[in-house]
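J.:
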């Protein structure tokens, strides 16, 4: 059975700061303005990874159309503008229900820019890629697979990419069925999620087991 690597680290940054006895109020940037961004691990330093990403519910306090018109289209507009302006920046967008709507409204010039950003890996669409970030408790497994495949289809057709990482940061709880579907059915190599029981989370912080292999 195919296993799935898991990162359950929604508040890992905060927890790590506390457990490492670091005082964020005493932090100051390096004098020369240069940050050490090498992959080398220093056991005496805390490595922090910040991921600029989207989480846009297709429906919550207002409807999907209102969210798109009032907020999401501008997120995508400005994200693309800033990526073009600064080549050191990256942005990850997840929910295809919004991205595909925005994509179909763009002209050839913007589409060309976006395709180049995707090719460079600076606009990352290879995470999750489903129509939405689906709930794991109530939907039927066929609905989970269908909505994920539907979102992936445009990514393959337009960009030639296939998401390999699951991104379930907001669903309340995670099921073994979901783990099996994402690994064996969809082909994901890893899954990042956020919401787990606080006692489980606390124990994993103590044992440094926030990253683990899930064998559903």
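In mature numbering (1 follows the signal peptide of the UniProt record, and there is no 0), the protein residues as written are -20 to -1, 1 to 196. Note that the Cβ used here is the ideal one computed from N, Cα and C, for glycine as well.
#1: For residue 76, does the count of other Cβ atoms within 10 angstroms reach 16, so buried, or fall short, so exposed?
#2: Name the DSSP beta bridge partners of residue 50, please?
#3: Could you say which of 148, 154, 195 lies nearest to residue 74 if we only look at CA atoms?
#4: Quick one: what's residue 72 bridged to in DSSP?
#5: Taking three-plus beta-carbon pairs below 8 Å as touching, is the region 177 to 195 in contact with the region 108 to 121?
#6: Should residue 163 be listed as close to the ligand NAP, given that the test is whether its C-beta is under 8 Å from any heavy atom?
#7: Once the 5 residues before and after residue 155 are set aside, which same chain residues still bring their CB inside 6 Å of it?
#8: Count the CB pairs spanning the region 64 to 72 and the region 36 to 46 that are closer than 8 Å, and state whether there are at least three.
#9: Within 10 Å of its beta-carbon, does residue 123 have 16 or more other beta-carbons around it, so buried, or fewer, so exposed?
#10: Can you check DSSP and say which residues form a bridge with residue 145?
#11: Counting only runs of 4+ residues fully inside the region 75 to 101, write out the alpha helix (DSSP H) ranges in chain order.
#12: Quick check: what's the CA-CA separation for residue 195 versus residue 159?
#13: Tell me which same chain residues have a C-beta within less than 8 Å of the C-beta of residue 152, skipping the five on either side of it?
#14: Helix, strand or coil, according to DSSP, for residue 152 in the structure here?
#15: Is it the case that the region 128 to 135 contacts the region 53 to 60, given that we only count it when at least three CB pairs across the two stretches are under 8 Å?
#16: Taking residue 49 as the reference, give the member of 145, 85, 120, 25 with the closest Cα.
#17: On the three-state DSSP scale, how would you describe residue 117?
#18: Is residue 78 closer than 9 Å to residue 103 when the C-beta atoms are compared?
#19: Whose C-alpha, out of 138, 162, 165, 25, is nearest the C-alpha of residue 88?
T.: This is what the structure gives:
#1: Looking up residue 76 in the chain shown gives position 96. Buried.
#2: Working through the chain shown from its first residue, we reach residue 50 at position 70. Looking at the DSSP assignment, residue 50 forms no beta bridge with any residue, so it has no partner.
#3: As a working note, residue 74 is residue 94 in the chain shown. Ranked by Cα distance from residue 74, the options 148, 154, 195 are led by 148.
#4: For the purposes of this step, residue 72 is identified with residue 92 of the chain shown, where counting begins at 1. According to DSSP, residue 72 bridges with 33, 104.
#5: Verdict: no, contact absent.
#6: For the ligand NAP, the structure offers nothing, since it holds no ligand at all.
#7: Against the chain shown, residue 155 aligns to sequence position 175. In its chain, beyond the 5 residues on either side, 116 have a beta carbon closer than 6 Å to the beta carbon of residue 155.
#8: At 8 Å Cβ cutoff, the stretches do not touch.
#9: Counting from one through the chain shown, the residue named residue 123 turns up at place 143. Exposed, because fewer than 16 other Cβ atoms sit within 10 Å of the Cβ of residue 123.
#10: On the chain shown, position 165 is the one that residue 145 refers to. DSSP lists 107, 170 as partners of residue 145.
#11: Whole alpha helix (DSSP H) segments, 4+ residues: 76 to 84, 88 to 100.
#12: Mapped onto the chain shown, residue 195 falls at position 215. Mapped onto the chain shown, residue 159 falls at position 179. Residue 159 has its alpha-carbon roughly 8 Å from the corresponding atom of residue 195.
#13: As a first step, residue 152 must be located in the chain shown, where it is residue number 172. For residue 152, where only same-chain residues beyond five positions count, the Cβ hits under 8 Å are 115, 117, 175.
#14: By one-based count along the chain shown, residue 152 stands at place 172. Assigned with DSSP and collapsed to three states, residue 152 falls in coil, not helix or strand.
#15: The region 53 to 60 and the region 128 to 135 do not touch, with fewer than 3 CB-CB distances between them shorter than 8 Å.
#16: Within the chain shown, residue 49 is the residue found at index 69, counting from 1. Per the Cα distances, 85.
#17: As a first step, residue 117 must be located in the chain shown, where it is residue number 137. Residue 117: coil per DSSP, three-state reduction.
#18: Position 123 of the chain shown, counted from the start, is the residue given in the question as residue 103. Position 98 of the chain shown, counted from the start, is the residue given in the question as residue 78. The criterion of a C-beta distance shorter than 9 Å is not satisfied by residue 103 and residue 78.
#19: Taking the chain shown and counting its residues from 1, the one referred to as residue 88 is at position 108. When 138, 162, 165, 25 are compared, the shortest CA-CA separation from residue 88 is found for 138.
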